[in-house]
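The numbering used here puts the sequence shown at residues 616 to 1034.
Each residue gets a CB set at the ideal place from its N, CA and C atoms; glycine is no exception.
Since this is a predicted model, take the numbers as computed values, not measurements.
Shown next, in structure tokens, is the structure this report addresses.
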Amino acid sequence: MVLLKLLLLPLCVTTGFTPIVDGGVRNTSYRRHRHLQHQVLFAEGGAPQYQKQRGVLQRSEAVGKGSYLLHIDYDKKFNNEEEENDFEDGYYQPGHVLALEIQPPPATTDDSLSSSTSFNATMNDKTKRDLNNNDGWLRGPYTVSRGYGSSDSNDDNNNSPGFQVLIREVGYKSNVLATSIPSTPVQFGGRFKVPIVEGIRMASQVDNEDDKENVDTTRRVVMISTGVGIGPCIGAIELLLSPSADDEDNNNDNDIAIDLIASFRTQDEIAMTDDLNRLQSDARSLGKQFNWKAVITEEVGRLSLNSPDVLLDRYLQRDDNDDDDNLCMIRNTHYHIIGNGQLVNEWTKGLAKAGVAKKRVTTEAYFNHAAEPNDAAINNICDAILLGENDDDDEERKNKQVVTTAATTLSTSSSSVKQ
């Protein structure tokens, strides 16, 4: 099978994870595919390589204004038996990044592109070049929202292994993916980056560089997303709320309190609300803790530009029903930040400034990854975390950091704030 290079487009650049290593975190799904973990992620030139697999688009489901959930199955007819066995138990996990390819509609030609009446459906020069260099297939990196094996139930009920990807229709390639009819052939490959649940569990591991007194079992997970970043979060939350039957280490993720804060520009752009409400209802009926909140930036502005008290009270504060006094926003809370680069950069710096350990923050930037973080936003995040910290032993440190942050805020208050 020919090895191909995946072009890392600015639309979806992932950061903050490292390749999986032996002796890492407890995740039973990886025991099934241990021989596949240590794939070569990068070629000599730096571009990831992957083997093409054949798949079929079962359907493209509209789940919010401009957002589509792609249901893609592994196509057994065109792949060998060894590869089929790899996918039987579910090869992909939420947060994995893969290369996804699809051919343009047969009627599409260079001459007809300029007259296309489809949404934003003009192929730019970069896409044309890549199409020509890839034997007529459009391609790009996408983040897995869900993965499933042949024994897992899925909406299409065809007992085929595969995965789901949440995309936003923003250009020619995403338009082709969103509007393709069921049974459209696709190609995919690669399995890059550590998935979300793996990163969360890894944060509770102790290594030689850790201060063991500062390492605690993760008791709370806060996920912060923008746009289609909500897709992988939902898949990860489903895994965290589901017991692992073959986990001999008795790693009880069910006791973790989970909060999802999802930003969208408008109300009608909120995606996958049915899944979110189902998860919240199921969690409550089983005595588990999951809550989600939407941030509509058209109405309240960017999340990180809210004042620290508003940021804490409306979004970051634990649910009143949480009765675990040992929950700590710094020591045993894990933060997963996924979405546009400015959001990721601001939260990464703000959490670090508040004293959250680097390993307790995992990130993925889809675009705008080189954006400069806003100093006021960084300070807001830091102060909100410190205000919510309930560890009396850290009181002196908290007061010191709040004073320092306040001074920094005053020095930057004359600067304009980007929305």
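Judged by DSSP in its simplified three-state form, W962 adopts helix.
Boundaries around I1000 are those of the alpha helix (DSSP H), 990–1003, since no beta strand (DSSP E) includes it. It is roughly 33 Å from the alpha-carbon of F982 to the alpha-carbon of L942. Per DSSP, T978 is one residue of the beta strand (DSSP E) stretching across 976–980.
If only complete runs of 3 or more residues are kept, the region 868–905 shows the beta strand (DSSP E) at 872–879, in order along the chain. Within the DSSP bridge table, the entry for F803 names Q668, L715 as partners. In this structure, the straight-line span from the alpha carbon of N749 to that of A714 is close to 12 Å. Restricting attention to P719, T758, E913, D688, the CA atom closest to the CA of I953 is found in T758. In the three-state reduction of the DSSP assignment, A818 falls in the coil class.
According to the DSSP assignment, G755 belongs to the beta strand (DSSP E) that extends over 753–763. Note on G850: 16 or more other CB atoms within 10 angstroms of its CB, so buried under the neighbour-count rule. Assigned with DSSP and collapsed to three states, A909 falls in strand. In the DSSP assignment, I839 forms a beta bridge with I876, I952.
A residue is called buried when at least 16 other Cβ atoms come within 10 angstroms of its Cβ; R917 meets this threshold and is buried. Separation of E853 and S760 (C-alpha to C-alpha, rounded to the nearest whole angstrom) is 10 Å.
Taking one beta carbon from each stretch, the region 660–680 and the region 810–818 have fewer than 3 pairs nearer than 8 Å; the two do not touch.
Contact annotation: L931 and G846 have beta-carbon atoms that are not nearer than 8 Å. A999 has its alpha-carbon roughly 16 Å from the corresponding atom of V910.
Assignment of beta-bridge partners to Y930 by DSSP yields no partner. Comparing C-alpha distances from G762 to each of T832, E784, L684 shows the shortest one belongs to L684.
With a cut-off of 8 Å on Cβ pairs, the region 959–979 is not in contact with the region 922–931, counting fewer than three such pairs.
About 6 Å separates the beta carbon of I717 from that of V791, a gap short enough to meet the 8 Å contact definition.
Distances from the alpha-carbon of P756 to those of A980, D990, F693 put A980 closest.
Taking the Cα positions, D883 is about 27 Å away from V712.
At the C-beta level, N995 and N892 stay beyond 8 Å of one another. Closest option to R783, judged by alpha-carbon separation, among E913, T833, V843: V843. Selection K743, N955, V971 evaluated against A877 yields N955 as nearest (Cα-Cα). For I849, the uninterrupted alpha helix (DSSP H) segment begins and ends at 845–856. Contact between Y787 and T742 holds, since their C-beta atoms are separated by about 6 Å, short of 8 Å. Assigned with DSSP and collapsed to three states, I945 falls in coil, not helix or strand. Between the beta-carbon of V780 and that of H951 there is about 18 Å, and that puts the pair past the 8 Å contact cut. A677 and F879 have their C-alpha atoms spaced approximately 16 Å apart.
DSSP places L792 inside the alpha helix (DSSP H), whose first and last residues are 787–794. Around the Cβ of Q820, a 10 Å sphere holds fewer than 16 other Cβ atoms; the residue is exposed. Taking a C-beta distance under 8 Å as the contact criterion, P776 and F702 qualify as a contact pair.
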